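Chemist: My questions all concern the structure below.
2 protein chains.
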Amino acid sequence: MESSIVFTISRLSLSPSSKPQALPFQPWKHRTPPPQPPTRVHCHKMYVPGHGASPEKTAAKHLHHFFNFVAVKIVAAQLQSYNPEAYEELMEFVERHPLNDGDKFCADLMRESSRHQKLALRIMEVRSAYCKEDFEWDNLKKVASKMMDESNTRLLRNYIMETSCLDKVK
Amino acid sequence: MESSIVFTISRLSLSPSSKPQALPFQPWKHRTPPPQPPTRVHCHKMYVPGHGASPEKTAAKHLHHFFNFVAVKIVAAQLQSYNPEAYEELMEFVERHPLNDGDKFCADLMRESSRHQKLALRIMEVRSAYCKEDFEWDNLKKVASKMMDESNTRLLRNYIMETSCLDKVK
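As given, the protein sequences belong to chains A and B, one line each in that order. Residue numbers for the first sequence, in numbering that gives the first Met the number 0: 0 to 169. Residue numbers for the second sequence, in numbering that gives the first Met the number 0: 0 to 169.
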């Protein structure tokens, strides 16, 4: 059983007025220095345009919904063993309500019935504990960095193999 | 302009054989100790069932696509100021190709033309640098924790206000 968690983020909203503040990659075609204030001297980070919220906040928002999803799984697994009735109620609710918006899911669950309200409170407690205690944040960074290296290597390798084959055919 | 980044994750795949290993929340209805091996004694984490990959790996996968999206924004902003032709080409490609799968986006971009290939290599370089150097991982944890507290408080406050109003009407 698969579920889609949809995260909507603004897409390349580069308004004409947005000013790139750093060009650390291959700055060919050098022009005369543009008439910009020298504020970028002390910032070594790449300029991310068009983000109303910081990238960190956007990422945290995505993770927020993910933690809610994980909390529902945790609570469901706990209930399955010692409270089958509550488990069935939760699963029936999950079937009817998408998990892509964690807060809306909890708000709806809370208003379904007094029994569902208890489930919602428990999910909220679990998602908070999971976010603050159980989730391995350091590991997340390691896994993401490793994934990035592997993906870049795989993309390049596949491309080189593909073009090499084409050359041979020619 | 809005774009949906769709992350598909398995949904509550609780097989009957899955064994909840920790019940840290309100363990009412205590039964006699189940005949399980005492392996859970040393694990204080909540049991997350049905995850083929670890939650950290699933979250890293989501972030991987997000970093690709951010890299496209960064590169586009850089090009906009000193290479308008390349900027136009990139934006035209973005219009035709979704950004929900970062690796597929780069693979397709690489195969579009030799000019697009250079753009793809640059995006791959930027997304790697962004993930490892620019993205504020410590801040991500702080923002996510704060967001969790605020969301839970807001959900409870709204519910209490709603039910209080209903009581007054009665």
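A virtual CB, placed ideally from N, CA and C, is assigned to each residue, including glycine. All of these numbers come straight from a predicted model, not from anything done at the bench.
1) I want to see whether chain B comes within less than 8 Å of arginine 114 of chain A, judged by CB atoms only; does it?
2) Under a Cβ-count criterion, where at least 16 other Cβ atoms within 10 Å of its own Cβ denotes burial, should proline 48 of chain B be classed as buried or exposed?
3) Arginine 95 of chain B CB to nearest chain A CB: under 8 Å?
4) Would you please state the rounded distance, in angstroms, between the beta carbons of glutamate 143 of chain B and leucine 120 of chain A? I believe it to be under 8 Å.
5) Output the distance between the C-alpha atoms of tryptophan 27 of chain B and asparagine 151 of chain A, rounded to the nearest integer angstrom.
6) By Cβ distance, which residues of its chain are closer than 8 Å to methionine 114 of chain A, with the 5 residues on each side in sequence left out?
7) Please list, in chain order, all residues of the same chain as methionine 123 of chain B whose beta carbon is under 7 Å from its beta carbon, the five residues on each side excluded.
8) Does proline 54 of chain B get closer than 8 Å to chain A when you measure Cβ to Cβ?
9) Taking C-beta pairs closer than 7 Å, name the residues in chain A that leucine 139 of chain B reaches, listed in chain order.
10) Given that a residue counts as buried once 16 or more other Cβ atoms are within 10 Å of its Cβ, and exposed if not, what is arginine 126 of chain B?
11) Run through the stretch 74-113 of chain A for me and flag every whole alpha helix (DSSP H) of 4 or more residues, listed as ranges in chain order.
12) Would a check of beta-carbon distances place cysteine 164 of chain B closer than 8 Å to chain A?
13) One question on the structure: do alanine 75 of chain A and leucine 139 of chain B come within less than 8 Å of each other, judged by their Cβ atoms?
14) Which value, in whole angstroms, describes the spacing of the CA atoms of glutamate 161 of chain B and glutamine 116 of chain A?
Modeler: To lay it out plainly:
1) no
2) buried
3) no
4) For clarity, residue 143 of chain B is alanine in the given sequence; the question names glutamate instead. Contact doesn't hold; Cβ gap of about 20 Å is too wide.
5) In this prediction, tryptophan 27 of chain B scores a pLDDT of 40, lower than 50, which makes its location untrustworthy; the coordinate-derived value is nonetheless stated afterwards. Roughly 50 Å between the two C-alpha positions.
6) The sequence as given places arginine at residue 114 of chain A; methionine does not occur at that position. Same-chain partners within the cutoff: Ala85 and Glu88.
7) Cys105
8) yes
9) Glu55, Ala58 and Ala59
10) buried
11) 83-95 and 101-109
12) no
13) no
14) 14 Å
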